[in-house]
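Engineer: What follows is a single structure, and I will ask about it in a moment.
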Amino acid sequence: MGKPFASSADTARKTDTLEILADGVYALTAEGDPNVGAVEGEDFVVAIESRATPAASRDWLKILREHTDKPVRYLILTHYHAVRVLGASAFEAQDIIMSRASRDLVAERGEEDWKSEFGRMPRLAKNAEEVPGLTWPTITFENEYDIELGGGRGQLELRFLGRGHTGGDITVWHDKTRTLYAGDLVEAKAALYTGDAYHFDWVGKTLDNVKAYRAENLIGGRGAVARGVAETDAAVEQTRKFLNGMIENVGRVHKAGGSLKEAFEATRDALAPEFGSWPIFEHCLPFDVQRLWDEYDGIEHPRIWTAERDREVWAKLQG
Ligand SMILES: [Zn+2]
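Just so it is clear: in the sequence shown, position 8 is 53 by this note's numbering, and no numbers are missing.
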């Protein structure tokens, strides 16, 4: 009997923790579930990431509203993944910002991704029937977009630093407090999801660009906030080590003419001692190895995950 599909059997509710990193600079972590954040401007709030559904986003806003009642002027979405974007309507933001590449991915595969992600992790899909449809940005940009916060609060610098976790990830840098919201480009003691990734860009230039900020606070996609440059460097290097472990093992089996299943097992054996206890390790790894295998096969643009393809790959590798 195989393992239960993805995170379908993971139904235990996680505890939210609000971290106030500086005056008006917030991160909400959730024991390995997706993180979200917010930064206050003089008379508005910038929210960073949505949750998976409007109900889940309202749970976050309720916590934020204990600290500020300023309206949400901007909602920044670091990438297109369903559990990061489909609760956007709850913010009633004046503008929703994504990279142009992320917008194109919503258009190309947003519907399939919605079904895929809610099937993989049903616990996040609280009151899923309220999702009004796909989330579309009202502002897009290619590489750079800045937001002046006003009132001496500094600015937010949104940047595309190269392909990584997806083809369109952006980071959000708050200059005044040297805080970086890195989205899923960096995880702090949570397994990486790389099923839509560009492993070779991510492990090199893109992570170098993230690290170059020398952030004092780094909020990754999942896991605790890293504080101090030593910790933020460590979070980046943990992410790189996970990617390098995959590249080494999948690459070796692929070059030797082995099978996808052999690549999966070699990668799991190599990574499990260090990363196996981290959230969503067993959930992510089949999808991760399949995507990297595709890259070794020369498939540049990630194939679209559908609910059916998810189950096929799972049965082949974890069944
Ligand atoms: Zn993601």
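Where a beta carbon is used, it is the ideal one built from N, C-alpha and C, also for glycine.
(1) If we call anything under 8 Å between Cβ atoms a contact, is residue 207 one with residue 250?
(2) Suppose you measure from the CA of residue 81 to the CA of residue 297; what does that come to, to the nearest Å?
(3) The beta strand (DSSP E) with residue 314 in it runs from where to where?
(4) Measure how close the beta-carbons of residue 284 and residue 242 come, nearest whole angstrom, since I'm counting them as under 8 Å.
(5) Helix, strand or coil for residue 238, going by three-state DSSP, please let me know.
(6) Can the beta-carbon of residue 159 be found less than 8 Å from the beta-carbon of residue 127?
(7) Using only alpha-carbon positions, find the residue among 357, 92 and 364 that is nearest to residue 139.
(8) Apply the 10 Å Cβ neighbour rule to residue 304 and answer buried if 16 or more other Cβ atoms are within range, or exposed otherwise.
(9) Note down, in chain order, each residue of its chain lying with its Cβ closer than 8 Å to the Cβ of residue 46, except the 5 sequence neighbours on either side.
(10) Grab the span of the alpha helix (DSSP H) containing residue 147 for me, first residue to last.
(11) Do you know how far the Cα of residue 254 is from the Cα of residue 280?
(12) Here's the rule: buried if 16 or more other CB atoms are within 10 angstroms of the residue's CB, otherwise exposed. What is residue 56?
(13) Verify the contact flag: residue 265, CB atom, against every heavy atom of ligand 1, threshold strictly below 7 Å.
(14) Output needed for residue 115: all residues of its chain with C-beta closer than 7 Å, excluding positions within five of it in sequence on either side, in chain order.
(15) Does the Cβ of residue 227 have 16 or more other Cβ atoms within 10 Å, making it buried, or fewer, making it exposed?
(16) Measuring alpha carbon to alpha carbon, tell me which of 137, 346 and 233 ends up nearest residue 325.
(17) Examine chain D for any beta-carbon lying closer than 8 Å to the beta-carbon of residue 227, and answer yes or no.
(18) Let me know if residue 340 comes out buried or exposed under the rule of 16 or more other beta-carbons within 10 Å of its beta-carbon.
(19) Secondary structure at residue 71, three-state DSSP: helix, strand or coil?
(20) Would the beta-carbon of residue 126 be found less than 7 Å away from any heavy atom of ligand 1?
(21) Taking DSSP as the reference, what is the three-state secondary structure of residue 105?
(22) Could you check if residue 149 belongs to the surroundings of ligand 1, using beta carbon to heavy atom distance under 7 Å?
Structural biologist: In brief:
(1) Against a cut-off of 8 Å, the Cβ pair of residue 250 and residue 207 comes out as a contact.
(2) 37 Å
(3) No beta strand (DSSP E) holds residue 314; the alpha helix (DSSP H) holding it covers 305–320.
(4) About 11 Å separates the two Cβ atoms, so there is no contact after all.
(5) coil
(6) yes
(7) 92
(8) Burial call: exposed.
(9) Only weak support exists for where residue 46 lies, its pLDDT of 48 falling under 50; the coordinates are left without a value.
(10) 145–165
(11) 14 Å
(12) exposed
(13) no
(14) Around residue 115: 85, 88, 89 and 90.
(15) buried
(16) 233
(17) In the structure shown, chain D cannot be found, because there is only a single protein chain.
(18) buried
(19) strand
(20) Short note on residue 126: C-beta closer than 7 Å to some heavy atom of ligand 1.
(21) Looking at residue 105 - three-state DSSP - the assignment turns out to be helix.
(22) no
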